[in-house]
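S.K.:
Numbering (the numbering used here), first residue to last: 7 to 808.
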């Protein structure tokens, strides 16, 4: 890889048979490249190209969305269409490479050139490391450096066995004392690392087993694992099955049963709780069985999750094969049902912490198989010690929950698919996982349609529309809303018809294309019709309708009417205790007030007019903080940053920005202290907070940078941290900002790269954060353009659900 990098090769392809160690090698190489500072960052994706079901393979659209978020592209800026995402991806990677921060992209388990073509990075400084069983060919991979990974040499295979035994149990010299048996064992394993690893685990587990005895058992094994290697890839499949068969035969009944059942789990990892639910066994017993499976090298501990385990892809296929051969179909369906019910129950419990107080809670678990009780294991609720615990669990289990929706849809468990998707929508809204939001709700709507649950279908479509609208796909949002409206018309639910009719109008308005302009008369007609909801028992519905009506008026430039609607929505949300909804209403109020102030500023006296808007934004900031909505807080700061620049007063923005830097520094110190004191779980929560804060910090950095440009007379103590932290992430070097910002930034322009290169957040101990309050913040868009990111992007979704 070093030779290829030095030669400017853009693609390095690693191929070889399953179980040969391709992924381990690629990850080690990428880790080493990072240590050598060859790249400014790395992206990794498991394309799951060899999954048996096509629906389980990862497509470029989803990978691009994840990559763009990892590249710190704000969620609301990630394009909804594949072509636009590809353009964003290529533009971003080109820019980073030009700035001296090339990216290494690792694409694992790629089955074809077509699967990776859209993901290969542009620019000669960027590089892709493509891993797959095939030698991939095609136009996209022309000129790639092909690295074929073969089985170990005889000497290396013997060394592998020696190391595996001596490191696990010292002194274990069986392989040294019986070299012929060790050589025979290595050849029976075809010198394949995975087979050698599993065979060595059998020896470690049985100290009195000789290598000759194990070799005899391997040679007598009748089963073969030919199905695990595709027909067009030559590879030692017989050795894999022989090793797996022997290890599987050594498992006691409980271990073998759990090994088979684990293959039914739809996610990339599985926790002890989920495994206990699948097996229907108590948690302590399941934990012990999983430890035995790990010792047998049939599963691997997943370092990235709490008490989680994962399969090697070949072992997963082997487990699937064993389950299909030994467990009757009703037994497998019952286990899947237990798992889905438990996920529905846990997600519903976590969801209740994220919803407004008056919103209807998620539907109760499916009654046919109760999941809560003294003799039934459950997933998750013991960790929901509040809103923070629920957010942490959702973040930890997101991919498993999305996979569970797919599994429920694929197996005809329609009720679970619907309930699980609806329980995920509030989390997706808060964290802006729009791709997951849309994919799960499409499946849920389809499940509702085929099961004849018309009301559920309409609700899934309504929430699908919200996700599409927030992500900027207003045309699809309109179609989803309109389908929901027609279903509720058929059902005769006038309140729901009126509620969703406002969404239809707003989606039309936001399309902002010829023929979709929503007239003021249509808005007024909706205003009259929506009054049927004035006495709706759910205050969240009342507030959402008023807020949507305010957005419609605001989109038409009717700021006074918009202000009235948003103030009424705020009153309703204050009555219900909906903190996040109050923050959203305050943002809308601030937007309307700032635009009213602009229109009324004929003689340069806008500052007095804008004071109420500033106060509304300040209230929004405090409320968003209380609701743990970093995204909303960031947009509020962004909007108020625009407002402060327009008024030539940036002191408040810089103060807020520096305060956030200090908070990040303190959080990182807290995480370090917790880690040093073996408090990994608490440290992980703090690190999750830091990761969630990163998009907000990017917005704040941009606002602080813009403020410095417009007011070049700041003190050096302010200029240094602003330039240092924004120089690396937003500019190619510090000179551009130094030139624009005047003397204060010029002073530190020459030191920007050294300050920002050592850490993404430099130490500001020499530049203490001022103690005085923050004057200006920003969220949404204070600009009057209805097509920009007004309230809909971060939305009223917190109060729109039910």
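Using N, Cα and C, we set each Cβ at its ideal position, and we do this for glycine too.
How many angstroms separate the CA atom of residue 107 from the CA atom of residue 460?
M.R.: In the chain shown, the residue the question calls residue 107 occupies position 101. In the chain shown, the residue the question calls residue 460 occupies position 454. Distance between the alpha carbons of residue 107 and residue 460 is about 52 Å.
S.K.: Report yes if the C-beta distance between residue 441 and residue 89 is below 8 Å; otherwise report no.
M.R.: Along the chain shown, read from residue 1 onward, the residue named residue 441 stands at position 435. Along the chain shown, read from residue 1 onward, the residue named residue 89 stands at position 83. Going by C-beta atoms, residue 441 is not nearer than 8 Å to residue 89.
S.K.: Hey, out of 407, 385, 353, whose CA is closest to residue 393's CA?
M.R.: Position 387 of the chain shown, counting from 1, holds the residue named residue 393. Comparing Cα positions, the closest option is 353.
S.K.: Quick one: Cα of residue 778 to Cα of residue 292, how far?
M.R.: For the purposes of this step, residue 778 is identified with residue 772 of the chain shown, where counting begins at 1. For the purposes of this step, residue 292 is identified with residue 286 of the chain shown, where counting begins at 1. Note that residue 778 has pLDDT 27, beneath the 50 cutoff, so the model's placement of it is unreliable and the number below is only indicative. Using only the alpha carbons, I get a separation of about 54 Å.
S.K.: Start and end of the beta strand (DSSP E) containing residue 5?
M.R.: Residue 5 is absent from the structure shown; the chain starts at 7 and stops at 808.
S.K.: Just how far apart, CA to CA, sit residue 507 and residue 346?
M.R.: Position 501 of the chain shown, counting from 1, holds the residue named residue 507. Position 340 of the chain shown, counting from 1, holds the residue named residue 346. Each residue's alpha carbon lies about 34 Å from the other.
S.K.: Residue ranges of each alpha helix (DSSP H) run of no fewer than 4 residues wholly in the region 90 to 176, ordered along the chain?
M.R.: With a minimum length of 4 residues, the continuous alpha helix (DSSP H) runs that stay inside the region 90 to 176 are 119 to 122, 160 to 174.
S.K.: Between residue 170 and residue 206, is the Cβ-Cβ spacing less than 8 Å?
M.R.: Sequence index remark: in the chain shown, residue 170 carries index 164 (1-based). Sequence index remark: in the chain shown, residue 206 carries index 200 (1-based). Against a cut-off of 8 Å, the Cβ pair of residue 206 and residue 170 comes out as a contact.
S.K.: Among 157, 258, 112, 92, whose alpha-carbon lies nearest the alpha-carbon of residue 34?
M.R.: For the purposes of this step, residue 34 is identified with residue 28 of the chain shown, where counting begins at 1. Residue 112 is the option with its Cα nearest to residue 34.
S.K.: Helix, strand or coil for residue 203 per DSSP?
M.R.: Numbered from its first residue, the chain shown carries residue 203 at position 197. Here residue 203 sits in helix by DSSP.
S.K.: With distances taken Cα to Cα, identify the nearest neighbour of residue 130 among 464, 315, 99.
M.R.: Position 124 of the chain shown, counted from the first residue, corresponds to residue 130. Checked all of 464, 315, 99; the closest Cα to residue 130 is 99.
S.K.: Measuring straight from C-alpha to C-alpha, what distance separates residue 499 and residue 542?
M.R.: Against the chain shown, residue 499 aligns to sequence position 493. Against the chain shown, residue 542 aligns to sequence position 536. About 13 Å.
S.K.: Could you compute how far the alpha carbon of residue 456 sits from the alpha carbon of residue 342?
M.R.: The residue given as residue 456 occupies position 450 in the chain shown. The residue given as residue 342 occupies position 336 in the chain shown. Going from the Cα of residue 456 to the Cα of residue 342 covers about 20 Å.
S.K.: Please classify residue 50: does DSSP put it in a helix, a strand, or coil?
M.R.: To locate residue 50, count along the chain shown from 1; it is residue 44. The answer is strand: DSSP assigns residue 50 an E or B state.
S.K.: Report the partner residues of residue 20 according to the DSSP bridge assignment.
M.R.: Within the chain shown, residue 20 is the residue found at index 14, counting from 1. Paired residues: 137, 153.
S.K.: Tell me which same chain residues have a C-beta within less than 6 Å of the C-beta of residue 813, skipping the five on either side of it?
M.R.: This structure cannot settle anything about residue 813, because the visible part of the chain is limited to 7 through 808.
S.K.: Between the region 90 to 97 and the region 443 to 455, are three or more C-beta pairs nearer than 8 Å?
M.R.: Judged by Cβ distances under 8 Å, the region 90 to 97 makes no contact with the region 443 to 455, as fewer than three pairs qualify.
S.K.: Ignore the nearest five residues each way along the sequence and tell me which others in residue 682's own chain have a CB closer than 7 Å to its CB.
M.R.: Looking up residue 682 in the chain shown gives position 676. For residue 682, the predicted structure reports a pLDDT of 48, less than 50, and the residue's modelled location is therefore unreliable. A value from the coordinates is still provided. Hits under 7 Å: none found.
S.K.: List the DSSP bridge partners of residue 314.
M.R.: In the chain shown, residue 314 corresponds to position 308, counting from 1. Looking at the DSSP assignment, residue 314 forms a beta bridge with 277, 308.
S.K.: Looking at the structure shown, is residue 257 part of a helix, part of a strand, or coil, going by DSSP?
M.R.: Start at 1 with the first residue of the chain shown, and residue 257 comes out as number 251. It is coil, neither helix nor strand.
S.K.: Please report the distance separating the alpha-carbon of residue 586 from that of residue 339.
M.R.: Reading the chain shown from its first residue, position 580 is the one you call residue 586. Reading the chain shown from its first residue, position 333 is the one you call residue 339. Going by the C-alpha atoms only, they are around 40 Å apart.
S.K.: Can you give me the start and stop residues for the alpha helix (DSSP H) that residue 617 sits inside?
M.R.: On the chain shown, position 611 is the one that residue 617 refers to. Here the alpha helix (DSSP H) through residue 617 covers 612 to 632.
S.K.: From residue 24 to residue 154, what does the alpha carbon distance come to, in whole angstroms?
M.R.: On the chain shown, position 18 is the one that residue 24 refers to. On the chain shown, position 148 is the one that residue 154 refers to. Taking the straight line from one Cα to the other gives about 12 Å.
S.K.: By a C-beta neighbour count over all protein chains shown, 10 Å radius and 16 as the cutoff for buried, is residue 603 buried or exposed?
M.R.: By 1-based counting over the chain shown, the position of residue 603 is 597. Classification for residue 603: buried.
S.K.: Taking just the CA atoms, how far does residue 52 sit from residue 65?
M.R.: By one-based count along the chain shown, residue 65 stands at place 59. By one-based count along the chain shown, residue 52 stands at place 46. In a straight line, the C-alpha of residue 65 is about 10 Å away from that of residue 52.
S.K.: What's the gap between the Cα of residue 254 and the Cα of residue 216?
M.R.: Taking the first residue of the chain shown as position 1, residue 254 is located at position 248. Taking the first residue of the chain shown as position 1, residue 216 is located at position 210. Computed Cα separation, rounded: 18 Å.
S.K.: Tell me which residues share the same chain as residue 128 and place their Cβ nearer than 7 Å to its Cβ, disregarding the 5 neighbours each side in the sequence.
M.R.: In the chain shown, the residue the question calls residue 128 occupies position 122. Within the same chain, residue 128 has close Cβ partners 96, 99, 100.
S.K.: In terms of residue numbering, what span does the alpha helix (DSSP H) encompassing residue 336 cover?
M.R.: If you number the chain shown from 1, residue 336 lands on position 330. First-last of the alpha helix (DSSP H) with residue 336: 335 to 360.
S.K.: Which residue comes first and which comes last in the alpha helix (DSSP H) that contains residue 539?
M.R.: Here the question's residue 539 lines up with position 533 in the chain shown. Per DSSP, residue 539 belongs to no alpha helix (DSSP H) and is neither H nor E.
S.K.: So, helix, strand or coil for residue 56, using DSSP?
M.R.: The count along the chain shown starts at 1 and reaches residue 56 at position 50. In the structure shown, residue 56 sits in coil (DSSP, three-state: anything other than H, G, I, E or B).
S.K.: Hey, residue 208 and residue 256 are a contact pair by Cβ (cut 8 Å); roughly how many whole angstroms apart?
M.R.: Taking the first residue of the chain shown as 1, we reach residue 208 at position 202. Taking the first residue of the chain shown as 1, we reach residue 256 at position 250. With a Cβ gap of about 6 Å, residue 208 and residue 256 count as contacting.
S.K.: Residue 191 and residue 221 - do their beta-carbons sit closer together than 8 Å?
M.R.: To locate residue 221, count along the chain shown from 1; it is residue 215. To locate residue 191, count along the chain shown from 1; it is residue 185. A contact, by the Cβ cut-off of 8 Å.
S.K.: Need the endpoints of the alpha helix (DSSP H) that residue 482 sits in, please.
M.R.: Residue 482 sits at position 476 when you count from the first residue of the chain shown. Where residue 482 is concerned, the enclosing alpha helix (DSSP H) stretches over 480 to 497.
S.K.: Does DSSP classify residue 292 as helix, strand or coil?
M.R.: Position 286 of the chain shown, counted from the start, is the residue given in the question as residue 292. In this structure, residue 292 counts as helix in the three-state DSSP scheme.
S.K.: If you drop the 5 nearest sequence neighbours on each side, which residues of the same chain put their C-beta closer than 6 Å to that of residue 467?
M.R.: By one-based count along the chain shown, residue 467 stands at place 461. Cβ within range, chain order: 451, 486, 489, 490.
S.K.: What are the start and end residues of the alpha helix (DSSP H) that includes residue 28?
M.R.: The residue labelled residue 28 in the question sits at position 22 within the chain shown. Residue 28 -> alpha helix (DSSP H) spans 28 to 41.
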